[in-house]
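To keep things clear, I will list the structure first and then write my remarks on it.
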Amino acid sequence: MEGFASALKVVDDFFPKILNNLKENQIFILTADHGCDPTYKGTDHTREYVPCLFYGERLKKGIIFKEAPQSTLAYTLSEILNLKIYKEMGWGSEILL
Numbered sequence: 000m001e002g003f004a005s006a007l008k009v010v011d012d013f014f015p016k017i018l019n020n021l022k023e024n025q026i027f028i029l030t031a032d033h034g035c036d037p038t039y040k041g042t043d044h045t046r047e048y049v050p051c052l053f054y055g056e057r058l059k060k061g062i063i064f065k066e067a068p069q070s071t072l073a074y075t076l077s078e079i080l081n082l083k084i085y086k087e088m089g090w091g092s093e094i095l096l
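Counting in numbering that gives the first Met the number 0, the sequence shown runs from 0 upward without gaps.
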């Protein structure tokens with residue numbers, strides 16, 4: 000858990016630099032490739048859902064979703080980029096202004 004906490008602190012300390020350099024039309028997305036319980040004894044993935052944070056001026060404020068599978072992120076990115084690959088399967092219509 001100490002290593003996990005230390006890694007989170009490094010990321011936390013870097014956030015201001017990222018957010019201060021974000022341009023008006025850009026969206027910052029932070030996620031993980033898999034979910035792991037830091038208290039679990041081992042390295043196996045322990046969760047099928049991953050955290051996902053969206054930030055930017057183009058987004059509505061204060062929206063919180065229940066955990067969703069990684070595929071929802073792919074659908075959401077296609078909506079944000081207006082790719083029309085996946086329809087109504089992501090959060091794009093709910094988070095974009």
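Even glycine gets a Cβ: it sits at the ideal position worked out from N, Cα and C. None of the values given here were measured: they were computed from a predicted structure.
### Task
State buried or exposed for I62, treating a residue as buried only when at least 16 other CB atoms are found within 10 Å of its CB.
Counted from its first residue, the sequence shown places residue 62 at position 63. Per the 10 Å Cβ criterion, exposed.
### Query
In terms of alpha-carbon separation, which member of Q25, E78, M0 and P15 lies closest to E56?
Within the sequence shown, the letter at position 57 stands for residue 56. Ranking Q25, E78, M0 and P15 by CA distance to the CA of E56 puts Q25 first.
### Query
Alpha carbon to alpha carbon, how far is L18 from D43?
By 1-based counting over the sequence shown, the position of residue 18 is 19. By 1-based counting over the sequence shown, the position of residue 43 is 44. Each residue's Cα considered, the two are about 32 Å apart.
#### Entry: Candidates L82, L21 and Y39, of which the one nearest M0 by Cα
One-based indexing of the sequence shown puts residue 0 at position 1. Comparing Cα-Cα distances from M0 to each of L82, L21 and Y39, the minimum goes to Y39.
### Message
Whole angstroms are fine: how far does the CA of N81 sit from the CA of D11?
### Response
Numbered from 1 along the sequence shown, position 12 holds the residue referred to as residue 11. Numbered from 1 along the sequence shown, position 82 holds the residue referred to as residue 81. Rounded to the nearest angstrom, the two C-alpha atoms are 30 Å apart.
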